[in-house]
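Inspection log for the structure reproduced underneath, given as structure tokens.
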Amino acid sequence: MALQIDDLPAAIRTAKRELREALPNYRAVFADVEAAIEKEAQHIARLRDRGEPVIPEIQFEDIVANRVGAEQIALVKARGACVIRKVFDRSLVEQWDHDIAEYVERNHLDAKLMNRAEDKYFGQLASSKPQIYGVYWSKPQVLARQSPALTQARVFLNRLWRAQSEGRVHFDPDRVPVYADRLRRRPPGSESLGLSAHCDGGSVERWIEPNFRKVYRHVFSGNWRNYDPFDAAWRTDVEEIPSPAVCSMFRTFQGWTALTPQGPGDGTLQLVPMANSMVYVLLRALQDDVADDDLCGAMPGRALSIKSEYHAPLFHALSSIPLMQAGDTVFWHSDVIHAVEDAHRGKGYSNVMYIASAPNCAKNDAYLKRQLPSFIDGKSPPDFPGDHFEVDFVGRATAEDLTRDGHLQMGFDL
0 MALQIDDLPA AIRTAKRELR EALPNYRAVF ADVEAAIEKE AQHIARLRDR
50 GEPVIPEIQF EDIVANRVGA EQIALVKARG ACVIRKVFDR SLVEQWDHDI
100 AEYVERNHLD AKLMNRAEDK YFGQLASSKP QIYGVYWSKP QVLARQSPAL
150 TQARVFLNRL WRAQSEGRVH FDPDRVPVYA DRLRRRPPGS ESLGLSAHCD
200 GGSVERWIEP NFRKVYRHVF SGNWRNYDPF DAAWRTDVEE IPSPAVCSMF
250 RTFQGWTALT PQGPGDGTLQ LVPMANSMVY VLLRALQDDV ADDDLCGAMP
300 GRALSIKSEY HAPLFHALSS IPLMQAGDTV FWHSDVIHAV EDAHRGKGYS
350 NVMYIASAPN CAKNDAYLKR QLPSFIDGKS PPDFPGDHFE VDFVGRATAE
400 DLTRDGHLQM GFDL
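For reference, each letter of the sequence shown is one residue, going 0 to 413 in numbering that gives the first Met the number 0.
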């Protein structure tokens, strides 16, 4: 599903007028939100500055044994993120990292990157050049996505959501489709290769598109404390403005798997670990100091930028994720603000495979049908710039590398 907007400034003006009319006390509601967000952000900052963890951590073996407690789950849902430790054996992942390096070198990827299709998705961000490779179909990536361990971890994450509400079943949490994504291979000493704070999964659509408004119905009605970031109602119905690198799937969590050890200072991931921070972002754009045809700088077909001039309280909570070992994973809610450190000051490569958590639903099935031919032909998936580097790559994964579950997750049964 794709959203077409012919006159964006007019659409923004109309949306803001409608939203303000529906919430005439938008100033007072935002003041209440701002006070609550500021308090929570400062609390997280104090914990972080004392050296206490602010991103919840779960041992994968506890997921397997069904012993993740209610208090731990509540914290994951409050922070909108978690690290899952030891999903994969370290030696296996180290071999995968070696195999990926060999795969890109054997196929001369560096030379091809000189002529890659321009990816403008991050172009409005102050930092906008992540060391990301347009590689999707290496055997390690395909093996990791279909693995029983990572599948079990993602089912656990999908089940944190309310899959049934408003009289409808929104998705099946126990079926995990593949959303093929890229690699990050970041050498030590790299500078200005990060990403400034942003959200994926919709920019101007969040205010304009009807189903997005229903997702945030409690926010736009002023009953923001009733907003549940984990209620899936209408999230599988939203329509995005088409653009290379805009995700067309519904992801319960974005995520990546560490291929190498990496921690704060190593050019790694940063999060604003507040699952309800989107409440602040949405209502901030309705305030009187923002022009009627502006949504705090949000642009169509781009990442939703989070800016200090508009969203200053949220930056108090911006925190690097903890030290990760090869085989650990990190996941963050699809509305959670995230960034990547500009400088990699560590000693080794900071490498990851981007593998998200997504459930079975009609929206995702539709994307699988478009993605499957890309896998078969070795092309870039539909959501990404059409570089198609891997069409003639030696050693890329094929259908013969898929398990039965892998076939199902790739959509061969659709």
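For each residue, glycine too, the CB sits at the ideal point set by N, CA and C.
Starting from residue i and walking both ways along the alpha helix (DSSP H), at which residues does that stretch end?
i: Gly405; result: Arg403 to Met409
i: Glu20; result: Leu7 to Ala21
i: Leu258; result: Neither: Leu258 is in no alpha helix (DSSP H) and is coded neither H nor E.
i: Val154; result: Pro147 to Asn157
i: His332; result: First-last for His332: Thr328 to His332, but that is the beta strand (DSSP E), not the alpha helix (DSSP H).
i: Arg47; result: Tyr25 to Asp48
i: Gln269; result: Looking at the DSSP string, Gln269 is not in any alpha helix (DSSP H); the run it does join, the beta strand (DSSP E), is Leu268 to Leu270.
Look at the alpha carbon of residue i and the alpha carbon of residue j, and state the distance between them as a whole number of angstroms.
i: Asp287; j: Ile207; result: 18 Å
i: Pro129; j: Phe411; result: For Pro129, the predicted model reports a pLDDT of 48, less than 50, meaning its position is unreliable; a value from the coordinates is still stated below. Roughly 32 Å between the two C-alpha positions.
i: Trp223; j: Asp109; result: 48 Å
i: Ala1; j: Ala365; result: 12 Å
i: Ile354; j: Leu149; result: 9 Å
i: Asp292; j: Leu18; result: 13 Å
i: Lys362; j: Arg369; result: 11 Å
i: Leu294; j: Val339; result: 23 Å
i: Thr397; j: Val218; result: 45 Å
i: Pro187; j: Ile43; result: 29 Å
i: Asn168; j: Gly347; result: Strictly speaking, residue 168 in this sequence is Val, with Asn absent from that position. For Val168 and Gly347, the distance between alpha carbons rounds to 46 Å.
i: Val390; j: Arg181; result: 15 Å
i: Gly296; j: Val203; result: 9 Å
i: Ala162; j: Arg234; result: 10 Å
i: Arg47; j: His406; result: 42 Å
i: Ser127; j: Met277; result: Because the pLDDT of Ser127 is 43, which lies under 50, any placement of that residue in the model is unreliable, and the number read from its coordinates should be weighed accordingly. Approximately 22 Å, taken between the alpha carbons.
i: Asp386; j: Pro299; result: 22 Å
i: Pro372; j: Phe211; result: 29 Å
i: Ile36; j: Met409; result: 40 Å
i: Tyr309; j: Asp376; result: 44 Å
Which residue comes first and which comes last in the beta strand (DSSP E) that contains residue i?
i: Tyr353; result: Ser349 to Tyr353
i: Ser195; result: Leu194 to Cys198
i: His337; result: His337 to Val339
i: Leu294; result: Leu294 -> no beta strand (DSSP E), and no H or E assigned at all.
i: Val82; result: Ala80 to Arg84
i: Ile57; result: Glu56 to Gln58
i: Ile183; result: The sequence as given places Arg at residue 183; Ile does not occur at that position. Per DSSP, Arg183 belongs to the beta strand (DSSP E) from Leu182 to Arg185.
Mind reading off the beta-carbon distance from residue i to residue j? Whole number of angstroms is fine, and I expect it under 8 Å.
i: Val92; j: Leu268; result: Not quite, the Cβ-Cβ distance comes to about 17 Å (not below 8 Å), so this is no contact.
i: Gly394; j: Arg78; result: So it is not a contact: roughly 39 Å between Cβ atoms.
i: Pro380; j: Tyr135; result: 6 Å
i: Ile54; j: Ala34; result: 24 Å between Cβ atoms; not a contact.
Which residues in the same chain have their Cβ closer than 7 Å to the Cβ of residue i, if we skip the five residues on either side of it in sequence?
i: Arg89; result: Gln324, Ala325 and Gly326
i: Ala357; result: Val175, Pro176, Tyr178, Met248, Phe249, Arg250, Thr251 and Asn363
i: Pro52; result: Pro321
Can you give me the Cβ contacts of residue i inside the same chain, cut-off strictly under 8 Å, excluding the 5 residues immediately before and after it?
i: Asp400; result: Lys138, Val141 and Leu142
i: Asn67; result: The residue you asked about is not Asn; residue 67 is Val in the sequence shown. For Val67, where only same-chain residues beyond five positions count, the Cβ hits under 8 Å are Ile57, Asp61 and Phe155.
i: Trp255; result: Arg183, Leu268, Thr328, Val329, Val351, Met352, Tyr353 and Ile354
i: Ser307; result: Phe314
i: Leu285; result: Lys15, Leu18, Arg19, Leu22, Tyr25 and Phe29
i: Leu159; result: Ile72, Val75, Lys76, Phe229 and Thr251
i: Ser220; result: Ala21 and Leu22
i: Pro8; result: Asp292
Buried or exposed: which applies to residue i, given that a residue is buried once 16 or more other Cβ atoms fall within 10 Å of its Cβ?
i: Glu70; result: exposed
i: Ser247; result: buried
i: Pro209; result: exposed
i: His197; result: buried
i: Asn225; result: exposed
i: Leu194; result: buried
i: Ala311; result: exposed
i: Lys497; result: Any answer about residue 497 is impossible in this case: the structure gives the chain only from 0 up to 413.
i: Thr402; result: exposed
i: Gly50; result: exposed
i: Arg63; result: Checking the displayed sequence, the identity of residue 63 turns out to be Val instead of Arg. By the neighbour-count rule (16 or more Cβ atoms within 10 Å), Val63 is not buried but exposed.
i: His337; result: buried
i: His107; result: exposed
Return the chain-ordered list of same chain residues with a C-beta closer than 6 Å to the C-beta of residue i, the five sequence neighbours on each side being excluded.
i: Ile4; result: Ala10
i: Leu317; result: Gln269 and Val271
i: Ser102; result: Checking the sequence shown, residue 102 turns out to be Tyr, not Ser. So the list reads Ser137 and Gly394, once near-sequence residues are dropped.
i: Glu165; result: Ala232
i: Ile83; result: Ile57, Phe59, Ala152 and Thr328
i: Asp404; result: Gln145
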